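Going by full-length UniProt numbering, the letters in the sequence shown line up with residues 1 to 243, in that order.
Working notes for the structure below.
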Amino acid sequence: MSYEYFPNFYDALMDEELYDNWFSFAKPYLPEGGGKVLDVACGTAELAVRLAKRGFEVTGIDLSEEMLSVASEKAFQEEVSLLLLQQDMSQMEQLGAFDLVTCFCDSLNYLETEEQVYGAFHSVYSNLRADGVFLFDVHSVYKIDVLFKDYSYGDSDEEISCIWNSFEGEYPHSVEHELTFFKQNQDGCYDRYDELHKERTFPVEWYKKAITAAGFRKIKICADFTDFEPTKTSERIFFICEK
């Protein structure tokens, strides 16, 4: 999977309101009076910047050097301090004892094997202080198997156009997204960029067992930015895990 071009288009294509929703979801679990937050798969630092502006000491990790480059420039422009590190979430180093760890935007779905997901959960656990909280979301099995099946989407404006087609992946409950971008250059012509993104999810019960195996003592599960339990047609599953 390549992130060579996607970071340059990411913010233009993402709905900014989603980051407000993720921040609102995390807000009740933020430590009072400031604290240390680790944003796993921080991307272009949209959430990390929001947290830093509210006085939290924020570390962001991402596997993509290109994403981190965009995040660094954004932190500079927004005049906030972020510690940004290139890390594999499934093999994360010991970075500190954090009050809160977040991993939103279905980033865990980019891990293709059970072993990688187990590794991510254990890595997060080891980086949380006692009583710390881990928040993450994933695509539901319903969304991967039904809504993404033969999915096709297109969007365009004068500067950037995108074509997004999804196909069944090689693993159970997995999908492959073929993304094509067209970006206008200075002479008015358009340059084309292609990327392939792969995502995989697991049933809710599998995640519960994996989280418990990592050592978390308390787990709450809800769906679609609400406090309600998931249904058969929920699209985004949220987990609140206490160490």
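Quick reminder that beta carbons are idealized off the backbone N, C-alpha and C, glycines included.
Being a predicted model, the structure only gives us computed values, none of them experimental.
| Query | Result |
| --- | --- |
| Local Cβ density within 10 Å of Tyr19, reported as buried at 16 or more and exposed below that | buried |
| Where Lys27 sits in the DSSP three-state scheme | helix |
| Cβ separation of Leu83 and Thr59, assumed to be a contact under 8 Å, to the nearest whole Å | 4 Å |
| Which listed residue (Gln91, Glu178, Ala214) has its alpha carbon closest to that of Tyr153 | Glu178 |
| Minimum C-alpha distance to Asp88 - residue among Ala97, Tyr142, Asp39 | Asp39 |
| Per-residue burial, Asp131 [other beta carbons within 10 Å of its own, 16 or more giving buried] | exposed |
| Inter-residue Cα distance where the pair is Met1 and Lys232 | At Met1, the pLDDT of 47 sits below 50, so the modelled position is not reliable and the matter cannot be decided from this model. |
| Length at least 4, wholly inside the UniProt domain "Methyltransferase" (37-132): the alpha helix (DSSP H) runs in chain order | 46-53, 65-78, 114-126 |
| Given 8 Å, three or more beta-carbon pairs between the region 133-141 and the region 221-240 | yes |
| Supposed close pair Ser123, Met92 - CB separation, criterion 8 Å | 4 Å |
| Backbone secondary structure at Glu205 - three-state DSSP | helix |
| Exposure label - Ala97; buried when at least 16 CB within 10 Å | exposed |
| Beta-bridge partners of Glu176, as assigned by DSSP | Phe167, Lys198 |
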